[in-house]
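Chains C and V, in that order, are what the protein sequence lines are.
Just so you know, the first sequence maps onto residues 1 to 402 in the numbering used here.
Just so you know, the second sequence maps onto residues 403 to 764 in the numbering used here.
Glycine is no exception: its CB is placed at the ideal position from the N, C-alpha and C atoms.
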Amino acid sequence: MAIDFELDDTVATVRDFVHAFADQTLRPLAREADEKGKLPAGVIKQLGQLAGNRATIMAEERVQTSEDKKPIGAMVGVVGSEELAWGDPAVLLNIPGPGLAAPSITAAGTPEQKKRFLADIFNVESEEPRFGALAVTEPQAGSDVSNVQTTAVRDGDEWVLNGTKVYCTNGARADIVVVNATLDKSLGRAGQKFFVIEKGAPGFKIGKIEKKMGIRASETAEFALDDCRVPLDNILGGVDALEAAREGSGFKGTMKTFDSSRPSVAAMALGIGRAAYEYARDWAASELPMSSNFTRRNAITSKLGTMKRELDSARGLIWRAAWMADNKIPNSKEASMSKAYAPQAALRCCIGAIQIMGPEGYSKEHLVEKWFRDIKVYDIFEGTGQIQRVIISRAILGRLDK
Amino acid sequence: MGFDLQPTDEQQALKQTLAEFAAAVLRPAARDAEAAGRTPEALARQIQEIGVAAPVDEAYGGGGTFDAVTYCMAAEELAWGDPAIAYQALGGGLAAVVIGRAGTDEQKASHLPIFTEPAPGRSFVAVAEKVAAGDLESLDTTIEGNLVAGRKYGVLDAEEAQVGIVVGRSQDGGLAAATVRPGCYEIVKPEDKLGLEAAPTWVVDFDGSGDALRPGAELQQALLLAKLMTGAVALGCARASLEYAANYATEREAFGKPIGAFQGISFKIADMAIAVDAARAALWRTAWHIDRGTATLADAAEANGQCVAAAVLCGDDGVQVLGGHGFVTDHPSEMWFRDAVTLSVLDSPELVGDVMVARSVF
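The following block contains the structure:
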C-alpha cells in the first residue's frame, strides 16, 4: 500500500470503453431527447441491448476486482458514471437497468431478494428494456426522510401500503420500485422499512410526469399507493426485519444506500461540468485567436483554469470516497463531501461556459445551456447540498443540537 | 498498483511524530516567534535534528532524503503547528532539496554539507518578482550562462543565507536556475509583512555570477517540488484554522446551545473540511507525479492554487466562527488568516495558479 494516483488497468479500460459509448451513442441523442422530453422507444431498446440491459451501476454485475484481486467496484462505478454523464445526463437515466433500486436492494436485501429482484429481472437477455426505481421523497418530506408518511400494514400474507411518492426517476415505467414506508410512526425513522413493489401491483397508481428545468428526457414520476398490496417477502431484509425495526436499525438501511450512491451521483455531476468545461475551452481556442480582445481573452483564460482546478478537486474527493468504499473504510462523511462539492463546482463550470461563449452560450445551437439546466438538480437529489453539510459537520462536531 | 490513498507505515509514523512535535513544541512557540520576527535558534536546531526540513542524502553526510509525497506530508504537519516557523524551516532547507535533486556531483559536494550541521543551514530559493509572483513562466530575471540578473521579493533569510538558488529564464526563454553565494547580490530592504512574520524575508537585487544548475527535466521537477512546499504549508495552515474553529464551535455556547449546532456555523465547518481534503488530494497527486518525473507546471499550479484557496477560506471562516475572539490575538486564528493571505501572494489561484493551468490547455 502506498499513495498511487494511477487508475488500475481494469478501471482505465472501462473508462475508455464507456467514454466511447458516451461520445458515439449518448451525446448525439442529447438535444432531441431534451426537446421531446423522452427518447424514442426503439432507442431505449437499443440502449438496453448495448448496455446488456443490466445497467451500469448494478453491484452484482459490475467488475468487482482488478487483475491483482483488489476490490475496484466503486471505482468502476464513479469513473463510468463520470463518462456516461459527460455523454448526456438525461439520456444516461434512460439506459435500462435497476438504477437506484440496486444499491438499496444490495445494501438491505436478503440473498434471496437480491436474486429475485436484481438477478432474475435484470440479469437476463430481454427484448424489452427493464427499469428499477427508488422512491423516498414525498410531497411533505424531502430532506427530512423521518417525516415520510407512507404506511405499511401487515394483512395476512401481504403488506398494504398507503401514501404518495414524488420525483421518482423512472417511477412510471419501472419493473420494480423500492419505496420506504413506516411500520410504526411512533418510532420515527427507526420505524421505516423498504418494500419492493412489482409492476402491476394492485393499488399502484401513476400520477403526473413532471415538467422540469433540466434532465427533461428523464422520466420523473409521481405515484400514489392506494391500498397497494405486495407479498410479505417484499420487505427488504425479510420479515425478520420487523424485529430489527423495533430495535431501531431501520433508518440505517436508507443511509447506507446513499453512502454508496452519493459518490456515483457526484461523479455524474463532475461529468456534466467537465463536458461544459471542455466545450467552452475548445470553443474559446477556435473562436478567440491570440489577436482578439486582450481583456476578454485573459478573463476567459483565468476562468478556464479555475474551472479545471475545481473539477479536478471534485474528482479527488469522489475517487477518495469510492476508494474507501472499495476498501471497506466507512465513508459516510467523505461520500457527502464529494456530493456537497461536485455539483456546485460543476454548476459554476456550466454557468462559466455559457458566459465564456456569450450569445452562443445561451443558444440552443450548443449543449452548454442544456448542461446548465441539467446540472442544477444534482445539488438537490440524492440529498441536497445542505443535507450533505449536516452529515459532514455532524461527523466533525458530533451531535450538538440535542 | 492502482489508485490508492493509504500512506505507508513509514509515512504514518513520520506524520505521527511530526504531529506530536507540532502540537507540543511549534504551536506554543508561534506567538513569540512572530513577535521576534524569526524562529528562535534553539527551536530551529530542534527542527533541524528531525531531518525533514533540509533532507540530504547519506552520501553527503545527511540523514537521507524523502520522496515528494512524504515531503509534502511532513510539511503539512509542521505547518499545522505554525505556518511561519514551518515556512522558515522548510524554506531554509529548500536549496538542499533542489540541489540534491538537480545538482551535479560537484554542486552537491560544494553546497550540501551546509545543511548537515547541527545548526540549520540558511538558504533560499528566490522565485517571486514584483509582477510575476509564483508564475514560473513569466519571470523577468535572466540567467545567461552563470550570470544572474534581476530583483527578487520574498527572499528568505537573505542576510544570513550561505547559499541560495535564483530561478529565472535562460537566453532561449526556458526555465533556468543558478546557485548563488553571498557577494553576487545586494540586499535592498527587509520586508515588513502582513503574515508569516516569523519567516524573515528580503527584497534582493541579483547581479553577478552564480553557478547554473543543469537545465532539463530534473531541474524542472525539483523546482516544482520547491514550489509545492508553499502549497503544503498553506494546507497545514488551512487545517489548523479548520480544527481550531471546529473545536471552538463545540465549546462556545449561544442561545443555549453550542454554536456548532447552528447551520450558519456548522456549514462553514463542512465547507472548510471539504476545501482542506480537496486540496490535499491535489497536492498529493502533483507530488506523486514529481516522484515519477511527470509533473507539469500546471499540476503544481493547480495543487498550490487549491491549497492556497483552502488556506484563505479556512483563514477567513476560522476567524469568523470565533467572532470577536477570532479577531484578537488571544487566539491564533487571526495570525493564520494573515499567514494564508501572505501565502496567497505566491500562488493566488485566480491571479497565478489558474492562469498557469489554463495556459496548458488553451
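Per DSSP, reduced to three states, the secondary structure at Leu-644/V is helical.
Put simply, of Arg-571/V, Ala-477/V, Ile-501/V, Ala-675/V the residue whose alpha carbon is nearest the alpha carbon of Phe-517/V is Ile-501/V. Residue contact check for Asp-406/V against chain C: a CB pair falls below 8 angstroms. Within chain C, no C-beta atom comes nearer than 9 angstroms to that of Arg-654/V; the closest sits roughly 11 angstroms away. Separation of Leu-715/V and Met-75/C (C-alpha to C-alpha, rounded to the nearest whole angstrom) is 30 angstroms.
For the pair Asn-123/C and Ile-44/C, the CB atoms are not nearer than the 8 angstroms cut-off. Identification of chain C residues near Gln-414/V by a Cβ-Cβ cut-off of 8 angstroms yields none; the smallest Cβ-Cβ distance measures about 10 angstroms. Close CB contacts of Gln-344/C within its chain, under the 8 angstroms cut and outside five residues either way in sequence, are with Asp-379, Gly-385 (chain order). Classified as exposed, Asp-23/C has fewer than 16 neighbouring CB atoms from the shown chains inside 10 Å of its CB. One Cα belongs to Val-265/C, the other to Asn-331/C, and the distance between them is close to 15 angstroms. Between Ser-260/C and chain V, the shortest Cβ-Cβ separation is not below 8 angstroms.
Put simply, the backbone Cα of Ile-272/C is about 14 angstroms away from that of His-366/C. Closer than 9 angstroms at the C-beta level to chain V, one finds no residue of the stretch 133-148 of chain C.
Of all C-beta pairs linking the stretch 716-724 of chain V to the stretch 336-354 of chain C, fewer than three are shorter than 8 angstroms, placing the two stretches out of contact. Below the 9 angstroms Cβ cutoff, chain V contributes Met-403, Gly-404, Asp-406 as neighbours of Lys-70/C, in chain order. Under the criterion of beta carbons closer than 8 angstroms, Gly-316/C and Ala-415/V do not qualify as touching, at roughly 25 angstroms.
Taking a C-beta cut-off of 7 angstroms against chain V, the contacting residues of the stretch 300-330 of chain C are Thr-301, Ser-302, Leu-304, Gly-305, Thr-306, Lys-308, Arg-309, Asp-312, Ser-313, Gly-316, Leu-317, Trp-319, Arg-320, Trp-323, listed in chain order. Residue environment: Val-678/V is assigned as buried (16 or more neighbouring CB atoms within 10 Å of its CB, all protein chains considered). In this chain, Glu-138/C is not harboured by any beta strand (DSSP E), its DSSP state being neither H nor E.
Short of 8 angstroms from the beta carbon of Gly-662/V, and not among the five residues preceding or following it, lie these beta carbons of its own chain, in chain order: Ala-648, Ala-651, Thr-652, Ser-668, Ile-671. Inclusion of Val-179/C and Ala-135/C in the CB contact set at 8 angstroms is warranted, their separation being smaller than that value. With respect to the 8 angstroms criterion, Ile-215/C and Pro-96/C are not classified as neighbours on the basis of their beta carbons. Remark: C-beta atoms of Phe-405/V and Asp-8/C approach each other more closely than 8 angstroms.
Of all residues in the stretch 448-477 of chain V, only Val-471 place a beta-carbon less than 7 angstroms from a beta-carbon of chain C.
Contact between the stretch 428-438 of chain V and the stretch 478-498 of chain V is present: 3 or more CB-CB pairs across the two stretches fall below 8 angstroms.
Contact residues of the stretch 3-24 of chain C toward chain V are Ile-3, Asp-4, Phe-5, Glu-6, Leu-7, Asp-8, Asp-9, Thr-10, Val-11 (C-beta to C-beta distance below 9 angstroms). Among the bridge pairs identified by DSSP, Asp-607/V is matched with Arg-553/V, Glu-588/V.
Listed in chain order, the non-local C-beta contacts of Ala-535/V below 6 angstroms within the same chain comprise Val-747, Leu-748, local neighbours out to five positions each way being set aside. Against chain C, the CB of Phe-517/V has no partner CB under 8 angstroms away; the residue lies outside that interface. At a cut-off of 8 angstroms between beta carbons, Tyr-279/C makes no contact with chain V.
Ala-446/V carries a helical assignment under DSSP once its states are collapsed to helix, strand and coil. The stretch 611-628 of chain V and the stretch 572-579 of chain V touch, with three or more beta-carbon pairs separated by less than 8 angstroms. With contacts defined as CB atoms closer than 8 angstroms, Phe-372/C and Ile-351/C qualify as a contacting pair.
Per the coordinates, the alpha-carbon of Lys-370/C lies some 8 angstroms from the alpha-carbon of Lys-364/C. In the DSSP assignment, Asp-559/V forms no beta bridge with any residue.
It is roughly 8 angstroms from the alpha-carbon of Ala-102/C to the alpha-carbon of Gly-132/C.
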